[in-house]
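Protein chains: 2
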Amino acid sequence: MENLRLGILGLGQIGAGLYTILQRKKAYFRREIGVNFDIRKIAVKSKTKKRTVRVPKGLLTTNALSVVRDPEVDVVVELIGGTREAKKLVMEALRCGKHVVTANKALLAECGDEIFSLAYRKGLWLFFEASVGGGIPVMKALREGLAANRIDSIHSIINGTSNYILTKMTDEGWDFEEALIEAQKKGYAEADPTLDINGTDAAHKLAILIRFAFGGRVRYSDIYCEGISRIRSEDIAFAEEFGYRIKLLAIAKRSGGRVEARVQPTLLPKSHILANVKGSFNAVLVRGDEVGDSLLYGRGAGPFPTASAVLSDLVDIAKLRTSSFEGTMSPMRALRGRLKVKTMSSILSRYYLRFRVVDRPGVLGRISQVLGSFRISISDCVQKERSAGSVVPLIMLTHDSHERDVHNAMRAIGKLNIVRGKSQVIRIEEG
Amino acid sequence: MENLRLGILGLGQIGAGLYTILQRKKAYFRREIGVNFDIRKIAVKSKTKKRTVRVPKGLLTTNALSVVRDPEVDVVVELIGGTREAKKLVMEALRCGKHVVTANKALLAECGDEIFSLAYRKGLWLFFEASVGGGIPVMKALREGLAANRIDSIHSIINGTSNYILTKMTDEGWDFEEALIEAQKKGYAEADPTLDINGTDAAHKLAILIRFAFGGRVRYSDIYCEGISRIRSEDIAFAEEFGYRIKLLAIAKRSGGRVEARVQPTLLPKSHILANVKGSFNAVLVRGDEVGDSLLYGRGAGPFPTASAVLSDLVDIAKLRTSSFEGTMSPMRALRGRLKVKTMSSILSRYYLRFRVVDRPGVLGRISQVLGSFRISISDCVQKERSAGSVVPLIMLTHDSHERDVHNAMRAIGKLNIVRGKSQVIRIEEG
Numbered sequence: 001m002e003n004l005r006l007g008i009l010g011l012g013q014i015g016a017g018l019y020t021i022l023q024r025k026k027a028y029f030r031r032e033i034g035v036n037f038d039i040r041k042i043a044v045k046s047k048t049k050k051r052t053v054r055v056p057k058g059l060l061t062t063n064a065l066s067v068v069r070d071p072e073v074d075v076v077v078e079l080i081g082g083t084r085e086a087k088k089l090v091m092e093a094l095r096c097g098k099h100v101v102t103a104n105k106a107l108l109a110e111c112g113d114e115i116f117s118l119a120y121r122k123g124l125w126l127f128f129e130a131s132v133g134g135g136i137p138v139m140k141a142l143r144e145g146l147a148a149n150r151i152d153s154i155h156s157i158i159n160g161t162s163n164y165i166l167t168k169m170t171d172e173g174w175d176f177e178e179a180l181i182e183a184q185k186k187g188y189a190e191a192d193p194t195l196d197i198n199g200t201d202a203a204h205k206l207a208i209l210i211r212f213a214f215g216g217r218v219r220y221s222d223i224y225c226e227g228i229s230r231i232r233s234e235d236i237a238f239a240e241e242f243g244y245r246i247k248l249l250a251i252a253k254r255s256g257g258r259v260e261a262r263v264q265p266t267l268l269p270k271s272h273i274l275a276n277v278k279g280s281f282n283a284v285l286v287r288g289d290e291v292g293d294s295l296l297y298g299r300g301a302g303p304f305p306t307a308s309a310v311l312s313d314l315v316d317i318a319k320l321r322t323s324s325f326e327g328t329m330s331p332m333r334a335l336r337g338r339l340k341v342k343t344m345s346s347i348l349s350r351y352y353l354r355f356r357v358v359d360r361p362g363v364l365g366r367i368s369q370v371l372g373s374f375r376i377s378i379s380d381c382v383q384k385e386r387s388a389g390s391v392v393p394l395i396m397l398t399h400d401s402h403e404r405d406v407h408n409a410m411r412a413i414g415k416l417n418i419v420r421g422k423s424q425v426i427r428i429e430e431g
Numbered sequence: 001m002e003n004l005r006l007g008i009l010g011l012g013q014i015g016a017g018l019y020t021i022l023q024r025k026k027a028y029f030r031r032e033i034g035v036n037f038d039i040r041k042i043a044v045k046s047k048t049k050k051r052t053v054r055v056p057k058g059l060l061t062t063n064a065l066s067v068v069r070d071p072e073v074d075v076v077v078e079l080i081g082g083t084r085e086a087k088k089l090v091m092e093a094l095r096c097g098k099h100v101v102t103a104n105k106a107l108l109a110e111c112g113d114e115i116f117s118l119a120y121r122k123g124l125w126l127f128f129e130a131s132v133g134g135g136i137p138v139m140k141a142l143r144e145g146l147a148a149n150r151i152d153s154i155h156s157i158i159n160g161t162s163n164y165i166l167t168k169m170t171d172e173g174w175d176f177e178e179a180l181i182e183a184q185k186k187g188y189a190e191a192d193p194t195l196d197i198n199g200t201d202a203a204h205k206l207a208i209l210i211r212f213a214f215g216g217r218v219r220y221s222d223i224y225c226e227g228i229s230r231i232r233s234e235d236i237a238f239a240e241e242f243g244y245r246i247k248l249l250a251i252a253k254r255s256g257g258r259v260e261a262r263v264q265p266t267l268l269p270k271s272h273i274l275a276n277v278k279g280s281f282n283a284v285l286v287r288g289d290e291v292g293d294s295l296l297y298g299r300g301a302g303p304f305p306t307a308s309a310v311l312s313d314l315v316d317i318a319k320l321r322t323s324s325f326e327g328t329m330s331p332m333r334a335l336r337g338r339l340k341v342k343t344m345s346s347i348l349s350r351y352y353l354r355f356r357v358v359d360r361p362g363v364l365g366r367i368s369q370v371l372g373s374f375r376i377s378i379s380d381c382v383q384k385e386r387s388a389g390s391v392v393p394l395i396m397l398t399h400d401s402h403e404r405d406v407h408n409a410m411r412a413i414g415k416l417n418i419v420r421g422k423s424q425v426i427r428i429e430e431g
């Protein structure tokens, strides 16, 4: 029987979920996995706060540093979130020779270099399955299940709030605001949903995926990030007519010695497996050179799915800490040479373009001409609700074009007197 | 650097794929994973046979027993298939203290008790990721990624040939025979496709999934197994009208202290994630008590995906063989008490029923009456191509009913003089 002594930082939703499972399944873990999880201390902000979970007073402390320094703690589980306090505590835990499990995506995305370096130098295990895709064992798949593969691309739905909103807009015809309010009611979206809606949360997770899928340092701020708030119901309807659905994707591709890395609303063919990931579910599709396309799908959030991922990391540490194996220390891959991220202006993509144009003869020709002058060719086109003289939507799908050219063409088209209001540009992935 | 000395049995498609990757990525594995894979011997039937892969003559031997007994071999990789010779060799490898990796689903499904027992008694690692779902890291997810979960159900598409055929019948309107011929042309189906088409291959894989998902011995012959050859194009079209697609599913559920275990063509709602798994892809959806629904998807066959899974097992052995950790020895879970499989007659399901009936007034009422007398109630009904006096299809979907009742009702209905030819029964899962 392996005895693993835990110091837990934070008793919020995830902490409470973890505590609940550790209590409920104590005998199960001993019998089925051969590990006795022994909670030594839990650091909290306030010992008197009312909680959904009942914890013996003696386990709680407000002194988080005393937990990470406790000589009777083998593994520190960081569940407080944020980057300031969490970083200080994780770094100190590593300095004190503790293995670390964390669910903190912002921390690893923004301070990964320092944290992974220290873990590597100290020869400690640092696992973070819960930081990406909640309960989905995606980091394990990348690290171990697909170890024989060079990963060539990632296409992922890793923000449940955005996917829930887009699903409701698509399947129920709701508009963005209605869907957001419902997401908040259901507890999928935070009171302040900014980081979900603007793509930041997905970009944090993508930064972590990239480090371990491609092997190397990546600057979080180099990841292009665009949220879903500018997607209109009409875009969803037009996309549908062309056989596409709109999803917020976090995408990374190897591309000529560099890496493309972007979070963006994306048109995906309806038959694409990711186009069928609905509601608050998450999914990560990776392409490996041996295995081909491989997808993992599940609950990307929630106390119990997230705690399930934390527990899988803890079991791994129980297994590995007595092994003399020195390869694939998880921090190692994250510290190879810096991965260079392509600028967006140099990427190649297909595009969905929507204009509001005055409905008069020659308009279509004029816009095509401008696009053509920027080397952009049209694959599909539809003009809706024709009625001479009024303003109508004009939708065009392009063949592969350079982002820079599309950007310049849109600026030129915006100046035409036949175009009214703001135009829309959404990238297309064929998958 | 960990040095792992391999003895490989078999140099067919998978063996050649494994050999190719081990050559091509030798430096990669040393650098990225910290393992040097050292192939000591490869057992083949004939040393002079022409092969797609070039192997130094000195590595080959026709004496497979000498490979499993070689004191310079750490791990035996069994890739010869079949149950007779493979069993003899795997048992002898374990007796000689070798860890074993195998891709052999028939062997583990039919002789699992003996093999897992011996591995357990000898304290050896026995891994078999490639035996289920090809390159998909599903055994690893069950064993480790979802270790904190009690698995309550499995719904899986684990025969690529059947899924390819059903996809072509659905999306292209082909009939069964056309689709089968194309599957054979593409190399998805064997020259003799019987084991794919009749569900045996999927049942083998389900037996392995059940052992490790639910933890216990399961008698392979207790798994109900029904293939796709009786599915007609019209069933697919009628299912479509009701909002369903037909898939060959391998299903296992915990059910009141027992286990339901069956391979069967199944109507699934079109929006179900498994209904959108197309072509020769495989997918396994498991429901865990903490994590909820979790799905893994990818290539279920092919030399390189399969070799990718074998390599993931080999990396695990490199990591674990020096660990003092004794929990979750993979054989252990497979040897807990016997899981009792429910008889089919006692299961509860919704059903799709298709009759050929003489089109005359009162027919619908007569059939409903018989169904009602067996406590079967109808949720949906459609009668097609009405033309008085001719024989027309009548389709009914039922509410949850007992298999025994449906069986008896169908027999009674078959005797009515208004019913012509063979009727069709397909189970429905709402997922």
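Just so you know, the sequences run in chain order A and B.
For the first sequence, the numbering used here begins at 1 and goes up steadily by one.
For the second sequence, the numbering used here begins at 1 and goes up steadily by one.
Beta carbons: idealized from backbone N, C-alpha and C, even for Gly.
| request: Specify, as a first and last residue, the run of the beta strand (DSSP E) that V101 (chain B) falls within. | output: Its beta strand (DSSP E) spans residues H99 to T102.
| Are G357 (chain A) and V363 (chain A) closer than 7 Å when you measure CB to CB? | Here residue 357 (chain A) is Val; the residue named in the question, Gly, does not match the sequence. In this structure, V363 (chain A) lies closer than 7 Å to V357 (chain A) by Cβ.
| said: Any C-beta of chain A within less than 7 Å: which residues of the segment 122-140 of chain B qualify? | reply: For the segment 122-140 of chain B, which is checked against every Cβ of chain A, the residues closer than 7 Å are G135, I136, P137 and K140.
| Where does S280 (chain B) sit, in a helix, a strand or coil, going by DSSP? | S280 (chain B) falls in the coil class under three-state DSSP.
| How do the segment 208-215 of chain A and the segment 180-192 of chain A stand: do at least 3 beta-carbon pairs fall below 8 Å, yes or no? | Counting Cβ pairs under 8 Å, fewer than three are found: no touch.
| Taking the alpha carbon of L9 (chain B) as the point to measure from, which residue in B:L353, B:I154, B:V44 and B:T20 has its own alpha carbon closest? | In terms of CA proximity to L9 (chain B), B:V44 leads the group B:L353, B:I154, B:V44 and B:T20.
| Can you tell me where the beta strand (DSSP E) with D293 (chain B) in it begins and where it stops? | Per DSSP, D293 (chain B) belongs to the beta strand (DSSP E) from G292 to R299.
| How many whole angstroms separate the CB atoms of L397 (chain B) and S379 (chain B), which I take to be in contact at a CB cut-off of 8 Å? | The pair is a contact, with the Cβ atoms about 5 Å apart (cut-off 8 Å).
| query | CB G160 (chain A) to CB N282 (chain A), shorter than 7 Å? | reply | Taking 7 Å as the cut-off, the beta carbon of G160 (chain A) is found closer than this to the beta carbon of N282 (chain A).
| Of all Cβ atoms in chain A, is any one closer than 7 Å to the Cβ of S312 (chain B)? | Closer than 7 Å to some Cβ of chain A, the Cβ of S312 (chain B) qualifies, so yes.
| request: Would you check if the segment 89-107 of chain A and the segment 69-79 of chain A touch, i.e. whether three or more CB-CB distances between them fall below 8 Å? | output: The answer is yes - the segment 89-107 of chain A touches the segment 69-79 of chain A, with three or more Cβ pairs under 8 Å.
| said: Quick check on the DSSP output: the beta strand (DSSP E) that includes K41 (chain B) runs from which residue to which? | reply: Membership of K41 (chain B) in the beta strand (DSSP E) is indicated by the continuous run V35 to A43.
| task | Could you tell me which of A:T266, A:D113 and A:T61 sits nearest to D46 (chain A), measuring between CA atoms? | result | At residue 46 (chain A) the sequence reads Ser, which differs from the Asp that was named. Ranking A:T266, A:D113 and A:T61 by Cα distance to S46 (chain A) puts A:T61 first.
| In chain order, what residues of the segment 230-257 of chain A put their CB closer than 7 Å to some CB of chain B? | Listed by position along the chain: nothing, the set is empty.
| said: Here's the rule I'm using: 16 or more other beta-carbon atoms within 10 Å means buried, otherwise exposed. How should T266 (chain A) be labelled? | reply: Under this definition T266 (chain A) is a buried residue.
| Exposed or buried, L348 (chain B), counting other C-beta atoms within 10 Å across all chains shown (16 or more means buried)? | With fewer than 16 other Cβ atoms from the protein chains shown falling within 10 Å of its own Cβ, L348 (chain B) counts as exposed.
| request: Since I believe K384 (chain B) is in contact with T391 (chain B) (beta carbons under 8 Å), could you give me their beta-carbon distance rounded to a whole number of angstroms? | output: Here residue 391 (chain B) is Val; the residue named in the question, Thr, does not match the sequence. Not confirmed; about 11 Å, so no contact.
| query | Mind pulling the chain A residues with CB within less than 7 Å of D192 (chain B)? | reply | Those within 7 Å of D192 (chain B) in chain A number zero; the least Cβ separation is about 26 Å.
| query | Using a C-beta to C-beta distance shorter than 8 Å, which residues of chain A count as neighbours of S271 (chain B)? | reply | For a Cβ distance threshold of 8 Å, residue set N276 and K278 of chain A lies close to S271 (chain B), ordered along the chain.
| request: For Y297 (chain B), return the contacting residues in chain A, with the cut-off set at a CB-CB distance below 9 Å. | output: By Cβ distance, chain A contributes I273, A283, L285, D293, S294, L295, L296 and Y297.
| message | So if I threshold CB-CB distances at 7 Å, which residues from the segment 143-164 of chain A count as touching chain B? | response | So the list reads E144, G145, L146, A147, A148 and N149, given in the order they occur along the chain.
| query | Name the chain E residues that come within less than 8 Å of D38 (chain B), Cβ to Cβ? | reply | Reference to chain E is not applicable here, since the protein chains of this structure are A and B.
| Roughly how far, in whole angstroms, is the beta-carbon of G431 (chain A) from the beta-carbon of R336 (chain A), given that I think they are within contact range, below 8 Å? | Here G431 (chain A) is actually not in contact with R336 (chain A); their C-beta atoms are around 28 Å apart, not less than 8 Å.
| query | With C-beta atoms as the reference, is I80 (chain A) less than 7 Å away from A307 (chain A)? | reply | Cβ atoms of I80 (chain A) and A307 (chain A): not closer than 7 Å.
| said: I'd like to know if E430 (chain A) contacts chain B, where contact means its C-beta is closer than 7 Å to some C-beta of that chain. | reply: No, E430 (chain A) does not count as interfacial toward chain B.
| task | Please list the partners that S308 (chain A) has in chain B, where partner means a Cβ-to-Cβ separation under 8 Å. | result | Near S308 (chain A) (Cβ distances below 8 Å), the residues of chain B are L146, A148, N149, G288, E290 and V291.
| Where A409 (chain B) and S377 (chain B) are concerned, what is the direct C-alpha to C-alpha distance, given to the nearest angstrom? | Computed Cα separation, rounded: 12 Å.
| field | 9 Å Cβ cut-off: residues of chain A touching G215 (chain B) | value | Chain order gives the chain A residues near G215 (chain B) as E32, where near means a beta carbon separation below 9 Å.
| task | Could you work out which residue in A:D70, A:A103 and A:G257 is closest to L11 (chain A) when comparing CA atoms only? | result | With distances taken between Cα atoms, L11 (chain A) lies closest to A:A103.
| field | Closer than 9 Å at the beta carbon, the chain A residues around I21 (chain B) | value | Simply A148 and E290.
| task | Between the Cα of T52 (chain B) and those of B:H402, B:D70 and B:L18, spot the shortest distance and give me the residue it belongs to. | result | Looking at the Cα atoms, B:L18 is the closest of the given residues.
| request: Check whether the segment 152-159 of chain A touches the segment 243-252 of chain A, taking contact to mean three or more Cβ pairs, one atom from each stretch, closer than 8 Å. | output: Result yes; three or more Cβ-Cβ pairs closer than 8 Å.
| field | Near the ligand FAD: A237 (chain B) beta-carbon under 6 Å from a heavy atom | value | Here there are no bound small molecules, and the ligand FAD is not part of this structure.
| query | So is V315 (chain B) in contact with chain A if we call contact Cβ pairs under 7 Å? | reply | Output row for V315 (chain B): interface = yes.
| field | Sequence-distant residues of the same chain with beta carbon closer than 7 Å to H399 (chain B), five excluded per side | value | The residues R350, S377 and S379, in chain order, have a CB closer than 7 Å to that of H399 (chain B) in the same chain once the five nearest residues on each side in sequence are set aside.
| field | Span of the beta strand (DSSP E), counted from its first residue to its last, around V357 (chain B) | value | Where V357 (chain B) is concerned, the enclosing beta strand (DSSP E) stretches over L348 to V358.
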